[in-house]
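Notes to accompany the following structure.
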Amino acid sequence: MSTGRLWLVPTPLDFGTLDAGGQAPDLREVLPMGTLRTAARLSHWVVENAKTARAFLKRVHAVVPLAQPLQSLQIQELPRGSKGPRGTPPAVPEHLLQPALSGLEMGLMSEAGMPAVADPGAELVRRAQALGLTVTPLVGPSALLLALAASGMNGQSFAFVGYLPVDETARAARIRELEGVSRRLGQTQLMIETPYRNAALFRALLQHLHPSTQLAVACGLTLEDGWNHSAPVAQWREGRGAAARHVPADRPAVFALWAR
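Reminder that position 207 of the sequence shown reads as 207 in this note's numbering, one-by-one numbering, no gaps.
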């Protein structure tokens with residue numbers, strides 16, 4: 001077995017947001033020091049987006065100085081793939097893992113949150129496992145688990161189904177299918193959408209779900225302006241209280257349904 005190691009390094013869910021002083025929030029509010037120290041010492045990275053990876057590492061440097069200058073780090077991007085629950089992920093070339101295969105430590109970084117969960121990095125992890133590398137996840141936020149915890153839905157049995165179809169007819173059929181699965185198994189169904197299509201998915205869920213089905217929406221959890229709300233579809237339709245909040249079109253949201 002190789003002696004190399006792939007660290008799964010979480011990032012905050014706040015990319016693009018600033019605090020009241022116009023600065024990025026302090027990483028220590030959401031990431032343990034152990035995670036930041038590991039990130040600071042790594043010199044080889046595979047990332048979803050190089051620009052946001054460098055922005056994150058600059059913030060790490062403000063807390064724990066990087067072992068090497070940012071400009072000297074080796075940062076490679078994952079292959080781009082199509083989004084979808086049944087899509088085949090792009091093949092990961094072995095050379096991305098070459099530092100670890102040579103016995104070095106390297107990191108995997110998502111654009112936001114936990115690498116390899118609702119994230120293209122899962123294919124790199126699968127390849128690393130197949131090649132005998134040590135894979136070590138670090139502690140950090142996961143938007144899916146935070147949303148599930150805040151929803152009050154079944155946390156003992158749940159499924160993440162990814163993106164729903166964009167086509168209205170296919171999306172409606174998928175929503176009804178997921179509601180049927182949830183009712184039959186008592187299972188929470190979690191899904192995400194590209195931010196600019198959040199409103200379309202939200203409207204479709206309200207239109208096609210049964211009034212008694214529980215629907216939850218969470219956005220920006222761990223941020224100062226983060227919010228979540230969980231209520232029967234009937235209450236969402238009435239727009240009472242927190243249910244009247246506008247689903248944002250500029251940041252990711254997690255949607256969950258639970259039919260009983």
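Ideal placement from N, C-alpha and C gives every residue a C-beta, glycine not left out.
Endpoints, beta strand (DSSP E) assigned at residue i
i, result
"residue 95", "Neither: residue 95 is in no beta strand (DSSP E) and is coded neither H nor E."
Cut-off 6 Å between Cβ atoms - residues of its own chain near residue i, not counting five sequence neighbours on either side
i, result
"residue 171", "164, 165, 204"
"residue 225", "none"
"residue 250", "195"
"residue 202", "247"
"residue 259", "179, 182, 183, 213"
"residue 66", "40"
Counted within 10 angstroms of its Cβ, other Cβ atoms place residue i as buried (16 or more) or exposed
i, result
"residue 121", "buried"
"residue 156", "exposed"
"residue 230", "buried"
"residue 119", "buried"
"residue 210", "exposed"
"residue 95", "exposed"
"residue 14", "buried"
"residue 11", "buried"
"residue 103", "exposed"
"residue 253", "buried"
"residue 337", "The question about residue 337 has no answer, for the chain in this structure spans 1 to 260."
"residue 99", "buried"
"residue 53", "buried"
"residue 35", "buried"
"residue 33", "exposed"
Residue span of the alpha helix (DSSP H) that contains residue i, given as start and end
i, result
"residue 123", "122-130"
"residue 222", "First-last for residue 222: undefined, no H or E at that position."
"residue 50", "50-63"
"residue 169", "168-185"
"residue 30", "Element bounds for residue 30: n/a, residue is neither H nor E."
"residue 208", "198-208"
8 Å contact criterion, which residue i and residue j should meet: CB distance rounded
i, j, result
"residue 76", "residue 46", "5 Å"
"residue 153", "residue 200", "Their Cβ separation, rounded to whole angstroms, is 23 Å, which puts residue 153 and residue 200 out of contact at 8 Å."
"residue 228", "residue 159", "About 19 Å; that fails the 8 Å criterion."
"residue 148", "residue 190", "6 Å"
"residue 41", "residue 136", "Not really, about 13 Å apart at Cβ, beyond 8 Å."
"residue 138", "residue 30", "In fact, because the Cβ distance is near 13 Å, the residues do not count as touching under 8 Å."
Own chain residues within Cβ distance below 7 Å of residue i, not counting five before or after
i, result
"residue 59", "24, 27"
"residue 117", "142, 144"
Spatial neighbours of residue i in its chain, beta-carbon cut-off 8 Å, leaving aside the 5 residues before and after
i, result
"residue 37", "64"
"residue 49", "77, 111"
"residue 91", "79, 123"
Counting beta carbon pairs with one atom in the segment 130-140 and one in the segment 59-71, are three or more of them shorter than 8 Å?
no
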